[in-house]
Amino acid sequence: MATALVAVVEHEGARNPSAPNVTLGNRSDIGARLPDSWYGAAPYAMPLRSDPPDLPRLMAATGQQSFTLAVVRAPDDGGCRPAWDGDKPVAADTTVGKVITAVRAAGGDVSVSFGGYGGTKLGQVCGSAQATADAYQQVIDRYRLKAVDFDLEPPGYGSPDAVANELAAARILQEHNPGLYVSVTTAGSAAGTGPFGQQMLNQAKRVGFAPNNYAITPFGGGFVGSGSQISALEAFHGILMNTFGWDSATAYAREGFAGINGTSDAGEVFTQADFQAVLDYAIGHKLSRYTFFTVNRDRPCASPTDNGVCSNIPQRPGDFTTLTTRFGNATAPTASVTSAATAPPPPTAAMIPTTTTTTTRSTTTGVAVAPPVRYFAVAGPGCSNNSTGIRPVGYYTDRNTGWVTNTGGFVGSGCDGHYLSVPMSGDRYRDDENSMWWYFDTRPVLGGSCRVSVYVPDDGDIQNVGGHPTFYTVYSNDGSSGQTGQFTIDQVYNRGNWVDAGSFPVNGRGISIELHTRGQDWVGDQRTNAHHAAAQISATCT
């Protein structure tokens, strides 16, 4: 192995919360992470109120893959603790967890909405942004969430401090949960949004919070059909451009619609035809969110009744959910998402084309084709590939608290199956002085991108393979040229698998990947000595 390739410098640069993130991993009860388009197409569902429908049955009938479960806020009896609808503690929940498991077993996933209309929000009662984030983190941890929604609308915010807590907490959640999909929903008006919504956007800009999208709720303010809703969306598009300095395409891509199906509490009526018109607008302008309140109401009424359990217009069950399904399908990426359970191992050297000619479109069919692989290698302990290197930083040996060399890693592509187990820092949010680095000299690929896959050894001992999850950062070159992305892998649920970590840009002569040591290696007051596995990583570059 070339000495220069092993001497990867330790890089202590600040983490960039706006860098692209990928969270991966799959188990039947936590489900695969869906493409962002499906979290943007997730209609609201109330799992504990308003005669909840059978969500897997609705999925089978409509093709819908996702739902936004509402709503988590502060408990009615006080305190900085998450509670469903303000009166059912998340910590004691057994019902919603079963709903989520059923949705995931049917191939879907959920987002959970925080805040909502009325009630007491956690940002009001928690003493700081960090305390607010800690309360929301309990929800993420309990349900293994990959997506959340901040429904920030009056009433319920007594002061600007409450909104500031919510937005700063949302940013903290992004930093601590790489790849977390975060949407923001706020009140709509004929002018796009009102003073509260504008203040919220200004505060988000001040704290540097960048969600996947901002959606407005164009109902409840005298709206008449789809025309007035589309007009409000256009006005909100202008607000996003002016507030954040975005160009038109970026503003549309960060904008969303959250309507109400049927008859609103204010007596407005929004039919299937209205929703279809807004759907056409959303797809045509490439909005990233199209949803509605709620699937509990997506059915006809037997007689005029509570708006919470039916739409109060003529319809068939699932009519509006069918439209969110169309949005999810229309905006989904063309590339398939491979779950960890079925992710293939990296290609062997024999599979690499010898040519470096880039072909982007077939001359005979006109169909776009993938560029050829111009670089492939596997790096890691026990790997003897000259274009790769590793560096353990802070290495010391101790069976319980130090670094450990194990067997059971990937064998092949120049690797003999050894891997290292790296001690956790003891804190789920902070790293210590240790880290593990992989380096790839990707020349002749000096631009383009590299697809990264990580092998998780098949070892059931958390002292060897215990990342739950493990955090990684991707850098250009040797780590001194800037961060290009982040991802996490839940090693405990992916043992014995190659996990696809996504594609990252090549901005020079190579890429490097850092494994962070943040992680909790104790339960209660009992030390578990859990370690992160540092095994083999492959890079396939085009």
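The opening position of the sequence shown corresponds to residue 557 in my numbering, with each subsequent residue numbered one higher. Every residue gets a Cβ at the ideal spot worked out from N, C-alpha and C, and that includes glycine. All values derive from a computational prediction rather than experimental measurement.
Cβ-based burial, residue i [other Cβ within 10 Å; buried from 16]
i       : result
Asn956  : exposed
Thr741  : buried
Arg727  : buried
Pro937  : buried
Ala548  : This structure cannot settle anything about residue 548, because the visible part of the chain is limited to 557 through 1098.
Leu879  : buried
Thr913  : Note that Thr913 has pLDDT 32, beneath the 50 cutoff, so the model's placement of it is unreliable and the number below is only indicative. Thr913 should be labelled exposed.
Asn1085 : buried
Ser940  : exposed
Val1055 : buried
Ala1099 : Beyond the ends of the chain as shown, which are 557 and 1098, falls residue 1099; an answer cannot be given.
Asn798  : exposed
Ala616  : exposed
Gly683  : exposed
Asn769  : buried
Val967  : exposed
Ala760  : buried
Gln871  : buried
Arg1083 : exposed
Arg947  : buried
Ser804  : exposed
Asp1102 : Residue 1102 is absent from the structure shown; the chain starts at 557 and stops at 1098.
Thr1096 : buried
Ala858  : exposed
Asn847  : The displayed chain sequence assigns Thr, not Asn, to residue 847. Result: buried.
Asp607  : exposed
Asn582  : Unreliable placement is indicated for Asn582, whose pLDDT of 37 sits below 50; the coordinate value is still reported in the next sentence. Answer is buried; the Cβ neighbour count reaches 16.
Ala661  : exposed
Pro638  : buried
Beta-carbon gap between residue i and residue j smaller than 7 Å
i       : j       : result
Glu989  : Gly950  : yes
Asn721  : Gly672  : no
Glu731  : Phe779  : no
Phe670  : Phe706  : yes
Ser1068 : Tyr1031 : yes
Thr881  : Val851  : no
Asn868  : Gly815  : no
Ser1094 : Val934  : yes
Thr1040 : Pro1025 : no
Asp632  : Gly642  : yes
Ala630  : Val681  : yes
Arg1074 : Val1012 : no
Arg611  : Val659  : Reading the sequence as shown, one finds Leu at residue 611 and not Arg. Yes, these two residues count as a Cβ contact at 7 Å.
Ala791  : Gly748  : yes
Leu708  : Met756  : yes
Cys636  : Ala689  : no
Val738  : Val704  : yes
Trp640  : Leu604  : yes
Ser745  : Gly776  : no
Ile795  : Tyr837  : no
Val666  : Leu729  : no
Glu1070 : Ser991  : yes
Pro711  : Phe752  : no
Gly982  : Asp1077 : yes
Gly1003 : Asn1033 : no
Asn1020 : Asn962  : yes
CA nearest to the CA of residue i, picked from the options
i       : options                          : result
Ala788  : Phe800, Met797, Thr773, Gly801   : Thr773
Gly634  : Ser606, Lys677, Ala626, Ala661   : Lys677
Asp1131 : Phe1043, Ser991, Gly1035, Gly964 : Any property of residue 1131 remains undetermined from this structure, which presents the chain solely from 557 to 1098.
Tyr985  : Gly1035, Arg947, His1072, Tyr808 : His1072
Gly874  : Gly776, Leu614, Leu604           : Leu614
Phe883  : Arg855, Asp1046, Ser844, Asn1063 : Ser844
Thr827  : Arg700, Pro608, Arg855, Thr1096  : Arg855
Ile498  : Ala858, Ala809, Pro608, Asn863   : Not covered by the structure: residue 498. The range shown for the chain is 557 to 1098.
Ala588  : Val628, Thr651, Gly1066, Ile656  : Ile656
Tyr1045 : Gln686, Pro734, Asn885, Val652   : It is Ile, not Tyr, that sits at residue 1045 in the sequence shown. For the residues Gln686, Pro734, Asn885, Val652, the minimum Cα distance to Ile1045 belongs to Pro734.
Gly1038 : Gln1019, Asn1063, Pro716         : Asn1063
Phe813  : His793, Leu701, Gly1058, Ala829  : His793
Arg700  : Val652, Ala687, Ala718, Pro716   : Val652
Val719  : Ala685, Pro645, Ala743           : Ala685
Nearest-angstrom Cβ-Cβ length linking residue i and residue j, presumed shorter than 8 Å
i      : j       : result
Ala833 : Ser782  : 4 Å
Gln621 : Gly664  : 4 Å
Gly945 : Tyr995  : 4 Å
Thr887 : Ser593  : 4 Å
Tyr931 : Val1001 : 5 Å
His841 : Met980  : No, His841 and Met980 are not in contact; Cβ-Cβ is about 46 Å, not under 8 Å.
Closer than 6 Å: residue i CB and nearest the ligand GDP heavy atom
i       : result
Ile1018 : Among the components of this structure there are no ligands whatsoever, and the ligand GDP is therefore not found.
message = Does the contact criterion of 3 or more C-beta pairs under 8 Å hold for the stretch 953–971 versus the stretch 997–1008?
response = No: the two stretches stay apart, fewer than three of their Cβ pairs being nearer than 8 Å.
Three CB pairs or more closer than 8 Å across the stretch 842–856 and the stretch 599–613 = Contact between the stretch 842–856 and the stretch 599–613 is present: 3 or more CB-CB pairs across the two stretches fall below 8 Å.
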